[in-house]
Amino acid sequence: MVIRISGLRKRYAGADTDILRGVDLEVISGDFVSLVGRSGCGKSTLLNIVGGLDTDFKGKAIVDGRDLGSLTDRDLAGYRRRTVGIVFQSYHLLDHLSCAENVALASRFARHGDQSALDERTRATETLELVGLSSSADHQPTRLSGGERQRVALARALFNRPRLLLLDEPTGNLDAATGSEILSLLGDLHAEIGLTILTATHDTAIEAAGGRILTLSEGVLTDKGEDSP
Amino acid sequence: MKLRGLSNAVRDDLRRHWRHMGAGGLGIAMSIAALTFFFALGLGVREVLLGQVFSLDRIEVFRPSKDLNLLALKVVLGKDTIDDAMITKLEAIEGVAAVFPKMRLMTPAMASGGESLIGQGMQTELVADGIDPALVSDEIGDAFHDPRTDLPGLDRPCGSGASCPEGLVCAGASQFRMGTCREEIPVIVSQHMVELYNGAFRRAYRLPKVNPNALIGLGLDVRFGASSLRPSGPRVVHERVTLVGFSETAIPLGITMPLGFVQRLNRELGPKGAASGFHSAVIELDSDDTAATVIGSVEKLGLKIRDGGARRAALVMTALLATVSLVGAVILAISALHVMHVFALLGMIRRREIGVMRAVGASRGDVRILFLTEAAVVGTLAGFAGIVISRSVAWLADRGLASAVPDFPFKPESFFSYDPWMIAAALALAVISCVLGALAPSLRATGPDPAEVLSSD
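If you read the protein sequences in the order shown, they are chains A and B.
Counting from 125, one number per residue, gives the positions in the first sequence under the working numbering.
Counting from 2, one number per residue, gives the positions in the second sequence under the working numbering.
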């Protein structure tokens, strides 16, 4: 089991109600799970909690055997660095770094014992190649299209070979054709690498990528069933 | 976080934010420049004042007279000299490195000569004292030494065709009487004497100005026991003295001889017991810091300090340096606040970047270390810049003072003293100020969870 969440509750400061009201979720290794639901229903919040970006919640969130609610900041950073890769809706690439440097950003915070068989530049180029952008390694993100930036963000998430890939609205800022390309790429990565993928989207086209589709509504998850890839 | 990753991140950030960081560093650089400049000036002046004008590593002690002077009647109530036993007690005080007795010449003396220097002979009453040659051996060397007893021909009659062996001079010979073969007495004088001569004295008597260096080796004939102010005593001893150097240890107005010569003259010509006690003693301290405790111990022995203003000068200089340090610390604190402002601004500008760094695996500690390392680098560079600015201004000031200010006693080559410890301390202070300035912003920047930062962007 990669993810086991039970009774997860979250309320933002100043809000009257919980955005997550006892979410239960189990994801096994190699799953491709899509969270769907209307905007503001808590999909990104759930991803942030699973990604170790948000520690202010109630309930249990155990990922890869780690109870995220009880990890120290240092352990949580190690979890984000080694276990999970996160792709944000607005990419969050750093414009002052090249694509390769963005991809290899995590290596700046690597500890002794972290993966470092190859030098970071080679690994960054290899990862960019995986998403079909090796020729743009030295380009600044500002020179890239939306789809290319999304690929760079995906490469950054994959840089440390995580067990779990989290994607927040991976097609949200893309046109239909580019979104379709990205979904196709995700499907390929899932099939080739066997990654466990959890994605949050309101794009109905995600169903084409296959996998389980869960609906988040009123702060709770309901299973829509599983499609084959 | 590995060192390589840290150095890459610091390099990128300094390159990207050099304007902001430069602005923060400029304040620190100017503060360090001002602080080190005034501190070095204070130390330089202190060195001259306490090292040369009012030496504090040496203090002179004397036994105060208890005699009663009732008009013409003098009631002697005890000795006012220091004996060998007291010298031993002084040597035993903790913090005392050495004790050098001093003795005044207790007989009148008249000096004559100087034709070779100013073109005409002079005759003057002479005041003299004697010091242990070891007291000035560092400055004068072996030329200033106690009497030698092993010279062949010493005290042999001379004159009228009878000459003295090498190393001795015929003292007191005239066309009417024989002289005596004597060792030349090496003497030292204070620079004040030359300044006094070159100032008011030579102008009043229309005499030529003399170069102090040209005076070394000048010989004068001295008649010990003779005076123009009163009838000469039953015995007059003719000697020849030779100037061997200048020292501020010498008596301010008169000549200073090696102690052995003064003891001998006092024994031969002075009143009874004149050679048995010392009139004062110079105490050399282990360090300036022990002065207070040594002075306390000395005063317990019934002696007094003749410090010539050293303690007051030390107090004034200490107060001055403390003021400079306080002002410098205030300026530095203001600069540190400026650094805090700069890093707080950078924290806001880099809010999203920090969120991304944490999302890909940086801990709060990593980001704080990054911030503080950048601050330390800025502090180091600013510290170096401040020291360079300070030394440059000091160099210019020295050049300006050297040409604009006429020579005066104890005028140093440089008015500034940049000790290595001061430079190291200034650098450390610059780094600490920057790091302290960046500490609160680094804590604030890493406070929120990455999700909060990235979702609000």
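Note that CB positions come from ideal geometry on N, CA and C, so glycine has one too.
Could you tell me the boundaries of the beta strand (DSSP E) in which residue i lies?
i	result
Met258 (chain B)	256-259
Asp292 (chain A)	288-292
His239 (chain B)	238-247
Gly388 (chain B)	Going by the sequence as given, residue 388 (chain B) is Ile instead of Gly. Looking at the DSSP string, Ile388 (chain B) is not in any beta strand (DSSP E); the run it does join, the alpha helix (DSSP H), is 365-405.
Gly101 (chain B)	According to the sequence as given, residue 101 (chain B) is Phe; it is not Gly. Counting along the chain, the beta strand (DSSP E) containing Phe101 (chain B) begins and ends at 97-105.
Gly356 (chain B)	Careful: Gly356 (chain B) lies outside any beta strand (DSSP E), inside the alpha helix (DSSP H) at 352-360.
Val160 (chain A)	156-160
Pro187 (chain B)	186-190
Ile217 (chain B)	Unbroken run through Ile217 (chain B): none, as it is neither H nor E.
When you compare only the Cα positions, how much space is there between residue i and residue j?
i	j	result
Thr207 (chain A)	Ile33 (chain B)	47 angstroms
Thr460 (chain B)	Met349 (chain B)	The structure shown does not extend to residue 460 (chain B), since chain B spans only 2 to 458, so no value can be given for it.
Met107 (chain B)	Gly278 (chain B)	11 angstroms
Ile335 (chain B)	Ala86 (chain B)	58 angstroms
Thr381 (chain B)	Leu177 (chain A)	35 angstroms
Asp133 (chain B)	Gln264 (chain B)	11 angstroms
Leu309 (chain A)	Gly384 (chain B)	53 angstroms
Ala446 (chain B)	Ala30 (chain B)	25 angstroms
Arg287 (chain A)	Ala429 (chain B)	46 angstroms
Gly356 (chain B)	Leu316 (chain B)	56 angstroms
Thr141 (chain A)	Ala230 (chain A)	36 angstroms
Phe372 (chain B)	Asn226 (chain A)	19 angstroms
Glu162 (chain A)	Leu257 (chain A)	For clarity, residue 162 (chain A) is Arg in the given sequence; the question names Glu instead. Those two C-alpha atoms are separated by around 32 angstroms.
Let's see if you can read the secondary structure: which residues bound the alpha helix (DSSP H) around residue i?
i	result
Thr291 (chain B)	Segment: none, Thr291 (chain B) is in no alpha helix (DSSP H) and carries neither H nor E.
Gln124 (chain B)	No alpha helix (DSSP H) contains Gln124 (chain B), which is instead part of the beta strand (DSSP E) from 123-126.
Lys3 (chain B)	Looking at the DSSP string, Lys3 (chain B) is not in any alpha helix (DSSP H), and its letter there is neither H nor E.
Glu357 (chain A)	A question about residue 357 (chain A) goes unanswered here, because the residues of chain A that appear run from 125 up to 353.
Lys90 (chain B)	85-93
Asp199 (chain A)	197-206
Thr328 (chain A)	Here Thr328 (chain A) belongs to no alpha helix (DSSP H), and DSSP marks it neither H nor E.
Exposed or buried, which one is residue i when buried takes at least 16 other CB atoms within 10 Å?
i	result
Met194 (chain B)	buried
Phe202 (chain B)	exposed
Lys273 (chain B)	exposed
Phe177 (chain B)	exposed
Glu293 (chain A)	buried
Glu272 (chain A)	buried
Ala241 (chain A)	Unreliable placement is indicated for Ala241 (chain A), whose pLDDT of 48 sits below 50; the coordinate value is still reported in the next sentence. Flag for Ala241 (chain A) reads exposed.
Val147 (chain A)	buried
Gly25 (chain B)	buried
Gly401 (chain B)	exposed
Pro421 (chain B)	exposed
Tyr206 (chain B)	exposed
Ser281 (chain B)	buried
Lys103 (chain B)	buried
Gly189 (chain A)	exposed
Leu209 (chain B)	Here residue 209 (chain B) is Pro; the residue named in the question, Leu, does not match the sequence. Counting Cβ neighbours within 10 Å, Pro209 (chain B) comes out exposed, since fewer than 16 surround it.
Gln213 (chain A)	buried
Comparing the C-beta of residue i with each C-beta of chain A, is any distance below 9 angstroms?
i	result
Ser1 (chain B)	What is shown of chain B runs 2 to 458, which leaves residue 1 (chain B) out entirely.
Arg353 (chain B)	yes
Ile7 (chain B)	A small fix is needed here, since residue 7 (chain B) is Leu in this sequence, not Ile. So, interface residue.
Gly356 (chain B)	yes
Gly448 (chain B)	no
Glu453 (chain B)	yes
Pro32 (chain B)	Looking at the sequence provided, one finds Ser at residue 32 (chain B) rather than Pro. No, because no Cβ of chain A sits closer than 9 angstroms to the Cβ of Ser32 (chain B).
Arg20 (chain B)	no
Ala363 (chain B)	yes
Ala320 (chain B)	no
Ala10 (chain B)	yes
Arg17 (chain B)	yes
Ala360 (chain B)	yes
Asp420 (chain B)	no
Mind checking if residue i is an interface residue toward chain B, Cβ cutoff 9 angstroms exclusive?
i	result
Leu218 (chain A)	yes
Thr169 (chain A)	yes
Ser231 (chain A)	yes
Asp197 (chain A)	yes
Ile317 (chain A)	no
Gly202 (chain A)	yes
Thr325 (chain A)	no
Asp262 (chain A)	no
Asp191 (chain A)	no
Leu177 (chain A)	yes
Item to check | Residues within the segment 126-152 of chain A neighbouring chain B, beta-carbon criterion of under 9 angstroms | outcome: none
Item to check | Where the segment 336-349 of chain B meets chain A: residues whose CB sits under 8 angstroms from a CB there | outcome: none
Item to check | Positions along the segment 365-376 of chain B whose CB lies within less than 8 angstroms of some CB in chain A | outcome: Arg365, Gly366, Asp367
Checklist entry - Residues in the segment 287-321 of chain A with C-beta within 8 angstroms of chain B's C-beta atoms, listed in sequence order? => result none
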